[in-house]
Every structure is written in structure tokens, then in C-alpha cells.
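Q: Using our numbering, the first residue of the sequence shown is number 292, and each one after it goes up by one. Using N, Cα and C, we set each Cβ at its ideal position, and we do this for glycine too. Would you mind keeping the following structure in view while I ask a few things?
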Amino acid sequence: MQKLAHSVQLHASHRALRPGKDNRCHQGVPRPPPQSPECTGVPGTAGPARARHHLRMRPEPRLKALGPRVVRPSRRRTGGFPAAAMAASAPGLISVFSSPQELGASLAQLVAQRAASCLEGNRGRFALGLSGGSLVSMLARDLPAAVAPAGPDSFARWTLGFCDERLVPFEHAESTYGLYRTHLLSKLLIPDSQVLTVNPALPVEDAAEDYAGKLRQAFQGDTVPVFDLLILGVGPDGHTCSLFPGHPLLQEQEKIVAPISDSPKPPPQRVTLTLPVLNAAQSIIFVATGEGKAAVLKRILEDKDSSLPATMVQPRTGALCWFLDEAAARLLSVPFEKHSTL
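Here you go:
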């Protein structure tokens with residue numbers, strides 16, 4: 292199967308995507324020229340002219356001329372993503388930001404551009420999957436302003452799901468949906484019918500099956516739900532979603548949603564997307580900040596430790612990107628791009 296190129300790019304003038312420029316959302320659309328996956332473009336930055344030039348969509352001959360070039364970790368600041376075609380065996384494009392605040396601002400702009408691209412695409416909708424933790428406050432701070440130019444009507448074509456959920460009431464401080472409902476969803480105005488939630492009142496097995504049914508209904512025509520974008524976190528132990536190292540759920544290949552009753556991280560009962568769904572996504576962005584993530588990121592991105600759930604996230608045809616702050620990236624010696632929005 293050909294690798295599906297993914298480019299999330301923005302002109303330096305901050306203009307929105309032009310209609311017809313992205314036909315790669317979901318399935319059944321013309322295939323792009325054969326390239327390795329990309330995840331490029333930090334919208335909202337203002338770098339030197341050469342960096343801005345790289346943000347523009349290039350015709351196929353120029354893309355070939357660029358080849359699989361990746362900037363080495365020289366710690367230099369750039370104002371945008373140079374195009375970087377990643378080899379199939381590479382862990383994905385790694386982008387390092389000076390602070391979590393700069394990371395969050397660029398992440399929000401990237402989500403906004405991906406949404407605009409998909410809404411102009413073949414299916415005319417945007418399917419986003421969110422993880423919890425520190426991502427809630429990060430997205431709540433920056434995403435509403437980033438997507439505001441698209442207008443309120445655009446949210447009618449969003450589908451929002453959650454990568455995992457703790458089986459606690461929505462009012463509980465550990466509820467992923469509850470936190471997003473309080474801090475973000477009131478500002479985005481996505482119709483309630485298009486926000487796919489886990490029912491915490493059900494037993495964990497029934498809650499997983501109920502959520503799987505909601506996904507099948509929302510992604511009719513997909514054997515496995517294909518999200519346009521998943522935003523994932525990673526724990527100090529290498530877990531992502533509620534997929535933990537050494538857990539039998541890492542071998543699950545049939546279910547799209549699985550229950551877990553023995554989570555090593557409380558609360559013990561959870562519902563999670565499985566690896567087949569994660570690896571079917573069109574785009575995945577891992578977000579990690581803080582020194583506490585540095586050691587495990589080295590194991591994932593340099594050692595490629597296959598025992599870690601985050602290492603097992605390898606989209607079959609989509610793009611994989613890592614957004615890190617300097618503290619999280621401090622032990623890395625693999626190639627990465629250093630960015631600043633200042």
C-alpha cells in the first residue's frame with residue numbers, strides 16, 4: 292500500500308487554505324504522488340523568508356528534488372516547518388518548541404488548518420479525536436481563537452470523539468469529556484449529537500460496546516473508524532490512551548473500542564480506542580511536555596522500544612508527528628525541527 296502523504300501547511304501570510312488543495316481527507320479520493328508521510332507547517336509563525344518559502348505547497352518535481360532531508364538538532368530557531376519527508380521506518384517528524392505555550396499555539400493553528408482542509412475535501416467533514424490530561428487546558432486556551440475565522444457554521448460538520456475515557460461521572464475531575472465540556476466545548480459549539488461520548492453509567496464492558504456503536508454510526512462506510520486527526524499524549528511509562536505496557540489490550544486486533552478494568556493508573560476502569568483505530572488515522576500528533584517525559588521519549592524516538600504502547604502507534608497510511616517542548620526533548624539526539632513563534 293502506498294504511503295499517504297499528509298501536509299498541513301500554511302502560507303506565511305496566514306491565509307486560509309484555498310479550496311481544492313487537499314483531497315486527502317478520508318478515503319476514496321485521488322492518491323497523491325507516492326511520498327512518505329509528512330506533517331508540516333506551524334501556522335501562525337513569522338520566520339525568515341526562506342523558512343516561509345518552504346511552507347508553500349510545491350509542485351511534484353520540487354518535492355522530489357527536496358528528498359528526505361531533515362534538519363539535524365542544531366538548536367537553531369526557525370519560523371516555520373521546512374518540508375521533511377520521513378522514511379517509513381522513522382518515528383515521525385519531531386518538532387520542538389521553546390515552551391508549552393508556544394507549542395499549544397502552534398498545535399491549535401495546525402488543528403484549525405487540518406479542519407479547514409478536510410471541510411473542503413471529499414467528505415466535507417472533520418473527525419477529531421482528543422486525549423485528556425494537559426491537552427485540555429492547552430486546547431481550551433488556544434483552539435477557539437484559531438478556528439474562529441472559519442465561522443460557527445463550520446462546527447456543524449465536525450465530529451468529535453475521545454481517545455479514551457475514565458469510567459467516572461462527567462462531573463468528576465478525572466472525566467476527560469467533563470473537562471472538555473467545561474473548558475472547551477462551550478466555546479466551539481459543536482452539536483451535541485456529533486460529540487461522541489462514553490456512557491459512564493454503564494458497566495465497563497457495556498460502555499465500551501456502546502461507544503463502539505456510536506463510532507460505527509458516525510463513521511459509516513469505514514470498516515475501522517478513520518479519524519482525520521488524533522491528538523495523543525504519552526505517559527512517563529510510554530502508555531498512550533489507556534493502552535499500558537505489557538497489557539493484553541496491546542494485542543487486540545478485532546475490537547475498535549476495548550474496556551479495561553485493571554488500569555495501573557487510577558481510576559482502574561476505563562474505555563479506550565485500540566491500536567487498529569489509532570493506526571487507521573489520517574494524521575496523528577503526539578504531544579509531550581516537561582522533563583518527566585524526556586527519558587521515555589528517548590526510548591520511543593531513539594531506541595524504538597517496541598514494548599512501549601506509544602512506539603506501537605504507526606499509522607498505516609497516515610502521518611505521525613511529535614510536538615515537544617524543550618524540556619521533554621532534552622535527551623534527544625535524533626533529527627528534529629526547532630521552532631519559535633516569537
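Would the region 575-585 and the region 492-511 be scored as touching if the rule is three or more Cβ pairs under 8 Å?
A: The region 575-585 vs the region 492-511: no contact.
Q: Would you mind stating whether V486 and E456 have Cβ atoms separated by less than 9 Å?
A: The sequence position of residue 486 within the sequence shown is 195, counting from 1. The sequence position of residue 456 within the sequence shown is 165, counting from 1. No.
Q: Which residues does DSSP pair with D455 in a beta bridge?
A: What you label residue 455 is simply residue 164 of the sequence shown in a count that begins at 1. In DSSP, D455 forms a bridge with T563.
Q: Quick check on DSSP: helix, strand or coil for F577?
A: Position 286 of the sequence shown holds residue 577. F577 falls in the strand class under three-state DSSP.
Q: Any idea if K524 is buried or exposed, counting beta-carbon neighbours within 10 angstroms, 16 or more meaning buried?
A: Here residue 524 corresponds to residue number 233 of the sequence shown, with the count starting at 1. One detail in the question is off: residue 524 reads as Gly in this sequence, not Lys. Per the 10 Å Cβ criterion, buried.
Q: Relative to the C-alpha of A601, which residue among S477, L540 and H530 is closest?
A: Within the sequence shown, the letter at position 310 stands for residue 601. When only C-alpha atoms are compared, the closest one is H530.
Q: Express the C-alpha separation of D528 and L599 in angstroms, rounding to a whole number.
A: The count along the sequence shown starts at 1 and reaches residue 599 at position 308. The count along the sequence shown starts at 1 and reaches residue 528 at position 237. When rounded, the distance between both Cα atoms is 8 Å.
Q: Assuming I265 is part of the alpha helix (DSSP H), what are its boundary residues?
A: Because the chain here runs from 292 to 633, residue 265 falls outside it and cannot be looked at.
Q: So what's F614 in DSSP terms, helix, strand or just coil?
A: Taking the first residue of the sequence shown as 1, we reach residue 614 at position 323. F614: strand per DSSP, three-state reduction.
Q: Ordered along the chain, which non-local residues of its own chain (more than five positions away) have a Cβ less than 6 Å from that of L569?
A: To locate residue 569, count along the sequence shown from 1; it is residue 278. Within the same chain, L569 has close Cβ partners V604.
Q: Would you give the residue range spanned by the alpha helix (DSSP H) that E393 belongs to?
A: Within the sequence shown, the letter at position 102 stands for residue 393. Counting along the chain, the alpha helix (DSSP H) containing E393 begins and ends at P391 to L410.
Q: Measure the CB-CB distance between M429 and L479 and report whether it falls below 9 Å.
A: By 1-based counting over the sequence shown, the position of residue 429 is 138. By 1-based counting over the sequence shown, the position of residue 479 is 188. Contact flag unset, no.
Q: Using only the alpha-carbon positions, how far apart do G583 and A619 sit?
A: The residue you call residue 583 lines up with position 292 of the sequence shown. The residue you call residue 619 lines up with position 328 of the sequence shown. If I take the Cα positions, the gap works out to 7 Å.
Q: Ordered along the chain, which non-local residues of its own chain (more than five positions away) have a Cβ less than 8 Å from that of R621?
A: Translated into positions along the sequence shown, residue 621 becomes position 330. E582 and A585, listed in sequence order.
Q: How about V402 and L520: do their beta carbons lie closer than 9 Å?
A: By one-based count along the sequence shown, residue 402 stands at place 111. By one-based count along the sequence shown, residue 520 stands at place 229. A contact, by the Cβ cut-off of 9 Å.
Q: Quick one: is A436 buried, meaning 16 or more other Cβ sit within 10 Å of its Cβ, or exposed?
A: Your numbering for residue 436 matches position 145 in the sequence shown. Classification for A436: exposed.
Q: Three or more beta-carbon pairs under 8 Å between the region 558-568 and the region 448-466, yes or no?
A: Yes, since at least three Cβ pairs between the region 558-568 and the region 448-466 fall closer than 8 Å, the two stretches touch.
Q: For G420, does the three-state DSSP call read helix, strand or coil?
A: Taking the sequence shown and counting its residues from 1, one reaches residue 420 at position 129. Strand at G420.
Q: Compute the distance between the beta-carbons of R416 and T450, then report whether it is under 9 Å.
A: Walking along the sequence shown from the start, residue 416 turns up at place 125. Walking along the sequence shown from the start, residue 450 turns up at place 159. Going by C-beta atoms, R416 is nearer than 9 Å to T450.
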